[in-house]
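Report on one structure; see the data block that follows.
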Amino acid sequence: MASVNNKESADEVVEVAIVGGGPAGLMAAEALAAGGARVDVFDAMPSVGRKFLMAGKGGMNLTHSEPSDAFLARYGTRRANIAPLLARFDAAALREWVHGLGVETFVGSSGRVFPTDMKAAPMLRAWLHRLRASGVRLHMRHRWLGWAGDGVSVSRFATPEGEKRVRHDALVLALGGASWPQLGSDGRAVAHLAARGVNVRPFLPSNCGFDVGWTPHFSSRFAGEPLKSVAIGVPRADGAVDWRIGECLITEQGIEGSLIYALSAPIRDHLMASGDAGTTLLLDLTPQLSAERVRDEVLHPRGARSLSSHLQSRLHLAGVKAGLLRECLSKDEYADPETLAARIKALPLRVLRPRPMAEVISSAGGVAFESLDQRSMLTALPGVFCAGEMLDWEAPTGGYLLTACFASGLVAGEGALAWLRERAREMD
């Protein structure tokens, strides 16, 4: 295949360099190797797939079995950009691919898809064995430092032995986002792309918890308590409220869990718009009951019972839910039956900020899709392809993140292969 001329010297020459050994980078490597390219994968960590393995600790949720339209809707404003990737490699294709590694899968009651053993490590081991057998070479403890000189065909790497320069005919960047930096991706490398004219958007926390600023009394009593069968409402600019039912968790600092993660993008966007003022969510403590039913139960004569006993008896409000009423309402609001009934159905909960990026599950922001062509090549930097979480998209947990990472890696790998072949024809 073609070799790209560059005046910069290099310590090593490869055909295709892939930077990043997560699912996107390894899938790009597989696509390129299947097409006959010589592939070298470089990763900053001592081993590949570290975030992939971390994601599998609680049960390896690979993808989701819901219909394609509902699946695509999970990608929000980036649905149109993700659609071509999933058209090439969707949830069904991912399951078939996993089966090809000798790993069986099953669909859980929620529609999520898991390996039968619920583990990530056996799948990763089988995959790496297949990649090495196809000639893919792995280079660990190689942190990408950008390019040498003005071109894009020689990359600089920091290694334990010092800086190394590697010449490549094509480069696939799968550098990850900015979450969990201790696992290898901290978001800083995209600055090299921005310096070359690529549209890079700031990384933002996604699938994250939020600080609330509980009183010490509430935090000491309820931190770690699950909040089950509730609904959270996020106000819209037009005054309406978007409600979602689920479960979450009270933490020492605030609130997190699956329901909060699913709403993290609009909550985050509200916080960004409000600056330091925070934003107020609404919490329905009894989503299974109508507002009229709750009002009737609160106003029901309670005799000699205390109000807390009355709420527990009539509405099953006890523990953390009862604690939230005390935490979020003034004494006068709590003592007024009409106000109390209304707040049980719409309890104001003020959140202050997202949790730090190092704690969040994923990130939004990164390289804008508008900087890429249909092959995932940067239009400003021919021969450089991008994939995975370093692209500007986000999705909820449930397998959607992994599916799009696999798909984007495959498309980038196939795009790089096609580009190499075009260059080779031009040189003939």
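Its first residue numbered 1296, the sequence shown is counted upward by one per residue in the numbering used here.
Beta carbons are placed, not taken as given, at the ideal position from N, Cα and C, and that holds for glycine.
Buried versus exposed call for F1401 [16 or more other C-beta atoms within 10 Å across all chains shown]: Here residue 1401 corresponds to residue number 106 of the sequence shown, with the count starting at 1. Label assigned to F1401: exposed.
For H1512, name the three-state secondary structure that DSSP assigns. Here the question's residue 1512 lines up with position 217 in the sequence shown. Reduced to three states, the DSSP call for H1512 is helix.
Using 8 Å as the Cβ pair cut-off and three pairs as the minimum, do the segment 1498 to 1517 and the segment 1644 to 1653 touch? yes
What first and last residue would you give for the alpha helix (DSSP H) that runs through E1391? For the purposes of this step, residue 1391 is taken as the residue at position 96 of the sequence shown. Taken as a continuous stretch (DSSP letters only), the alpha helix (DSSP H) holding E1391 covers 1386 to 1395.
Which of helix, strand or coil DSSP assigns to R1539: Along the sequence shown, read from residue 1 onward, the residue named residue 1539 stands at position 244. R1539: strand per DSSP, three-state reduction.
Tell me the rounded alpha-carbon separation between A1699 and S1608. Your numbering for residue 1699 matches position 404 in the sequence shown. Your numbering for residue 1608 matches position 313 in the sequence shown. Looking at the two C-alpha atoms, the distance is approximately 47 Å.
Terminal residues of the alpha helix (DSSP H) in which A1416 lies: As a working note, residue 1416 is residue 121 in the sequence shown. Counting along the chain, the alpha helix (DSSP H) containing A1416 begins and ends at 1416 to 1428.
State the start and end residues of the unbroken alpha helix (DSSP H) segment that holds G1614. Numbered from its first residue, the sequence shown carries residue 1614 at position 319. First-last of the alpha helix (DSSP H) with G1614: 1614 to 1623.
Excluding sequence positions up to five away, which residues of its chain have a Cβ less than 7 Å from the Cβ of G1618? Counting from one through the sequence shown, the residue named residue 1618 turns up at place 323. Cβ within range, chain order: F1513, R1516, F1517.
Skipping 5 residues on each side, what residues in its chain have a beta carbon closer than 6 Å to that of R1432? As a working mapping, residue 1432 is identified with position 137 in the sequence shown. Within the same chain, R1432 has close Cβ partners D1335.
Looking only at its own chain, which residues have a Cβ that is under 6 Å from the Cβ of D1306, when we skip the five neighbours before and after it? Reading the sequence shown from its first residue, position 11 is the one you call residue 1306. Cβ neighbours of D1306 beyond the five flanking positions: K1459, R1460.
Taking only three categories from DSSP, how would you classify G1710? Residue mapping note: residue 1710 aligns to position 415 of the sequence shown, counting from 1. Helix.
Does the Cβ of E1456 have 16 or more other Cβ atoms within 10 Å, making it buried, or fewer, making it exposed? Here residue 1456 refers to the residue found at position 161 when the sequence shown is read from its first residue. Classification of E1456: exposed, given that the 10 Å Cβ count is below 16.
Boundaries of the alpha helix (DSSP H) in which R1590 is found, first to last residue: If you number the sequence shown from 1, residue 1590 lands on position 295. First-last of the alpha helix (DSSP H) with R1590: 1586 to 1594.
Leaving out the 5 sequence neighbours to the left and right, which residues in its chain are closer than 6 Å to T1674 when beta-carbon positions are compared? In the sequence shown, residue 1674 corresponds to position 379, counting from 1. Taken in chain order, the residues that qualify are D1668.
Please report how far the alpha carbon of V1646 lies from the alpha carbon of S1703, in whole angstroms. As a working note, residue 1646 is residue 351 in the sequence shown. As a working note, residue 1703 is residue 408 in the sequence shown. If I take the Cα positions, the gap works out to 34 Å.
On the DSSP bridge list, what partners appear for L1667? The residue you call residue 1667 lines up with position 372 of the sequence shown. BP columns for L1667 point to L1673.
With a threshold of 16 other CB atoms inside 10 Å of the CB of V1507, please say whether the residue is buried or exposed. The sequence position of residue 1507 within the sequence shown is 212, counting from 1. V1507 comes out buried.
Can you look up S1448 in the DSSP assignment and give me helix, strand or coil? Your numbering for residue 1448 matches position 153 in the sequence shown. In the structure shown, S1448 sits in coil (DSSP, three-state: anything other than H, G, I, E or B).
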